[in-house]
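Taking full-length UniProt numbering, the leading residue of the sequence shown gets 1, the next gets one more, and so forth.
Glycine residues also receive a C-beta, built at the ideal position from the N, C-alpha and C atoms.
Below is one structure, written out as C-alpha cells, with a few remarks after it.
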Amino acid sequence: MTKTELLESIRNGENSFVEFKRDDIDNQKLARELVAFSNLEGGRVLLGVEDDRSVSGITRPDLEEWVMTTCRDKIRPPIIPTYEIIRDVEPGKDVAIISVEPGWTVHQVRHHNHPYYYIRVGTRIRDADRKEPRRLFQRRGSGMNEAIWSPRGASIR
C-alpha cells in the first residue's frame, strides 16, 4: 500500500474491511479483530490511527514481533498476516498495516482455554451466534461442521 492509498483509506473511514486502532491495543483485542476479518472476507487493521481518523503513529517496540506472536499464541488455527509500515504518514508518525485474507478454515480466539468465534458486521465485531461457526465451516468445505456450544464458548468436535 502506498502512502497515498493509506491516506485515502483513512479519509474514507472504517468499514467492513478496515479498522483503526492505537498501537497500544491489547493482544486479545487485536486477535478478535483479525479473527473477525479472517472469518468473513478479510481486512486490514491500521495501527497508529485513531477512531476520529487522526494519525497517532506507532510507538510500541518490536511491534511486528508482537503482532506475529499474538497471531500464533491467541488464534487457532494461527493466522499469518501480512505486515507493513508506511513511514511518515504525518511528520514523524508511522502507521502499521496488518492485513488478513479470508481464512481457509474458521478461526477462533483462545481465552482461558475456551474457543470464541467472531465475525465482522459492518464496522463492528460480533460474537458468532450458535449457527454461524457451522455455516462458516460448511462454506469453507473444511468438513468440520459440528459446533458444540457451552456457556463459555463454542468448541468443535
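Assuming the contact rule is C-beta atoms closer than 8 Å, residue i and residue j should be a hit. Round their C-beta distance to whole Å, please.
i	j	result
V100	P81	5 Å
V67	I97	About 11 Å; that fails the 8 Å criterion.
S90	V55	Correcting the residue identity first, residue 90 is Glu in this sequence and not Ser. 5 Å between Cβ atoms; contact.
L40	P102	7 Å
E33	I125	7 Å
Thinking just about the alpha-carbon of each residue, which of the options is nearest to the one in residue i?
i	options	result
S38	I79, T70, H114, K93	I79
V49	D94, V35, F20	F20
I25	S9, G92, G57, L6	G57
L30	I10, I75, G13, E14	I75
How many Å lie between residue i and residue j at the Cα?
i	j	result
W104	Y117	15 Å
V18	R72	22 Å
R60	L47	10 Å
T4	K93	15 Å
G43	M1	13 Å
residue 162	N27	Only positions 1 to 157 of the chain appear in the structure, and residue 162 is not among them; the question remains open.
Buried or exposed, going by whether 16 or more other CB atoms sit within 10 Å of the CB of residue i?
i	result
T70	buried
V106	buried
residue 162	Residue 162 lies beyond the range of the chain shown here (1 to 157); nothing can be said about it.
D23	buried
P115	buried
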